[in-house]
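Report on the structure given below.
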Amino acid sequence: MSEQITIEKVCILAGKIMLVSGAETYRVEDTMDRISTAFGVKNPQSYATPTGISFSLDIAGTSNFLRVTNRSTDLHKIAEVNHISRKITAGELDIQQAHEQLEKIDHAKLTFPAWAQILAAALVSGCFAIMFGGSWYDFIPSCIAGTLGFASMLGFERVVEIRFLAEFFGAFLIGLSALLFIYNGFGNALDMIIIGAVMPLVPGLHITNAIRDLMAGHLVSGLSKGVEALLTAFAIGAGVALIFAFA
Amino acid sequence: MIIMQQLITSFIASAGFGILFNAPRNALVQCGFVGMFGWILYYILVEVGMDAIPATTFAAMLVAVLSHTCAKLFKKPIIIFNVSGIIPLVPGGIAYNAMRNFVENDYYTGVQLSAQVMLLSGGIAIGLMFSGVINQLINKSRILFK
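Protein sequence lines correspond, in order, to chains A and B.
When we follow the UniProt record's numbering, the leftmost residue of the first sequence carries the number 1, and every step to the right adds one.
When we follow the UniProt record's numbering, the leftmost residue of the second sequence carries the number 1, and every step to the right adds one.
Written out as structure tokens, the structure is:
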């Protein structure tokens, strides 16, 4: 016998994918509401925080709960779910199809390969060093320091599952390598190299999400995302600062 | 020449951030352009002599409006364009300097710079909010004048 696919299941699956991919909580709730309304639910109740989703079909109805433990950044999946939710609202998909497609997205690996990410991090680092007023002498050192920092953060995060520590370690390596470059006469301005190299670690998504959630009236989510951004910023700052404490 | 250099680097940086955030591949170029326009507005305003805080606010507004247009045009969530567009405006450099001053026991400068970081983030927030407000206004006026 095949499993019964309910509206709740589709909604929560959509919400889960979005939340795990780093969408704003107001967008998650909005999507769940839209999907359920498209399936004829009159009064859906959804509540999302960065760490969990709660959803029920009606006031005082049975609520379904889902815990979200790990979050990453994957704008592609957010766009895909958005696309499906549009199709559902337009009445192009029934529950069965919607569930199938969402499952497919949930299991798909849409991320860029690690080498592409590291290459992007290198370019981002170098370009930011120039943008913030560095000279072209700082471009290559910043690229290398940024690559080292980002790659080590990725690697470290796989070993130790505390993002905070991974970022701290990455920033520390950036500071160290930048200092070594300057000591060996490779590159001009220490500050520019470090600032550029640190940029790929900067919590840009969390900052924008926190702001947008706060503006949408999601105070709990906005504050917790803001704190997440602050923690990351602190980790980066502390990692780099460690170098200056010893240098 | 300097403007050209800034245009190219900011485009690459914003598109690169699109890759880091795993934006859809067909949206990377738009991400780059949104970031580029935002940054170049900020850069020119600061060069002309405007204070960094209003300059950031205006640039964030431009980013917000551009990403809103992109979101409408390409039928993608606004967050894709927003995030990589806003990155160049994030006061990472000043935050770093603040942190550095704290570590070197220069608390006065550290606190000053931190206050500036707070204000700049506030500027970004206002700028981002702006496009939402404009959008609502347009929608409301459409209903009114129907």
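Glycine included, every Cβ here is placed at the ideal spot set by N, Cα and C.
Environment of residue i [buried if 16+ CB atoms lie within 10 Å]
i	result
residue 29/A	buried
residue 1/A	Low per-residue confidence applies at residue 1/A: pLDDT is 39, beneath 50, and the placement is therefore not dependable, though the value from the model is reported in the following sentence. Exposed.
residue 113/A	exposed
residue 236/A	buried
residue 27/A	buried
residue 130/B	buried
Where residue i meets chain B, residues with beta-carbon distance less than 8 Å
i	result
residue 123/A	12, 13, 16
residue 228/A	Result: empty, since nearest Cβ-Cβ is about 14 Å, beyond 8 Å.
residue 27/A	77, 79
residue 220/A	Those within 8 Å of residue 220/A in chain B number zero; the least Cβ separation is about 18 Å.
7 Å Cβ cut-off: residues of chain A touching residue i
i	result
residue 90/B	202, 204, 207
residue 93/B	132, 195
Beta-carbon neighbours of residue i, restricted to chain B and to distances below 7 Å
i	result
residue 108/A	Within chain B, no residue comes near residue 108/A; the closest Cβ sits about 12 Å away, beyond 7 Å.
Pick from the options that is closest to residue i, judged by C-alpha positions
i	options	result
residue 84/A	47/A, 52/A, 34/A	34/A
residue 39/B	132/A, 21/A, 95/A, 212/A	132/A
residue 82/B	36/B, 8/B, 5/B	36/B
residue 96/B	206/A, 201/A, 217/A, 228/A	201/A
residue 24/A	213/A, 228/A, 239/A, 220/A	213/A
residue 116/A	147/A, 108/A, 89/A	147/A
residue 216/A	139/B, 125/B, 70/B	125/B
residue 122/B	44/B, 58/B, 1/B	58/B
residue 167/A	190/A, 206/A, 231/A, 210/A	231/A
Beta-carbon neighbours of residue i, restricted to chain A and to distances below 9 Å
i	result
residue 61/B	Within 9 Å Cβ-Cβ: nothing; residue 61/B doesn't reach chain A, min ~13 Å.
residue 128/B	208, 211, 212, 215
Contact list for residue i against chain A, beta-carbon separation under 8 Å
i	result
residue 140/B	Under the 8 Å cutoff, chain A gives no residues; its nearest Cβ is about 17 Å from residue 140/B.
residue 5/B	130
Proximal chain B residues relative to residue i, where beta-carbon distance stays under 9 Å
i	result
residue 82/A	75, 76, 77
residue 309/A	Because chain A in this structure spans residues 1 to 247, residue 309/A falls outside the shown range and cannot be described.
Practice item. Give, in chain order, every unbroken run of the alpha helix (DSSP H) that is at least 4 residues long and sits entirely within the region 92-171 of chain A. Key: 95-107, 114-131, 139-159
Check your understanding: Does the count of Cβ pairs from the region 38-54 of chain B and the region 55-62 of chain A closer than 8 Å reach three?
Key -> no
Review point. Counting Cβ pairs, one atom from each stretch, are 3 or more of them under 8 Å apart for the region 17-29 of chain B and the region 55-64 of chain B?
Key: no
Point to revise | Stretch pair the region 168-187 of chain A + the region 231-245 of chain A: three plus CB contacts closer than 8 Å | key: yes
Exercise for review: Pick out the complete alpha helix (DSSP H) segments inside the region 184-245 of chain A, 4 residues or longer, and give them in chain order.
Suggested key: 190-198, 204-215
Practice item. Tell me, please, whether the region 13-21 of chain B touches the region 122-130 of chain A by the rule of three or more beta-carbon pairs shorter than 8 Å. Key: yes
Point to revise | Three CB pairs or more closer than 8 Å across the region 195-202 of chain A and the region 139-146 of chain A | key: yes
Review point. Between the region 153-168 of chain A and the region 95-104 of chain A, do three or more beta carbon pairs fall short of 8 Å?
Key: no
Point to revise | Cβ contact check for the region 220-227 of chain A and the region 101-121 of chain A: 3 or more pairs under 8 Å | key: no
Check your understanding: Is the region 9-21 of chain A touching the region 65-74 of chain A, taking contact as three or more C-beta pairs under 8 Å?
Key -> yes
Check your understanding: Any chance the region 204-213 of chain A sits against the region 68-83 of chain B, with 3 or more Cβ pairs inside 8 Å?
Key -> yes
Point to revise | Segments assigned alpha helix (DSSP H), at least 4 residues, entirely inside the UniProt domain "Threonine/Serine exporter ThrE" (6-133) of chain B | key: 28-48, 52-74, 78-86, 92-103
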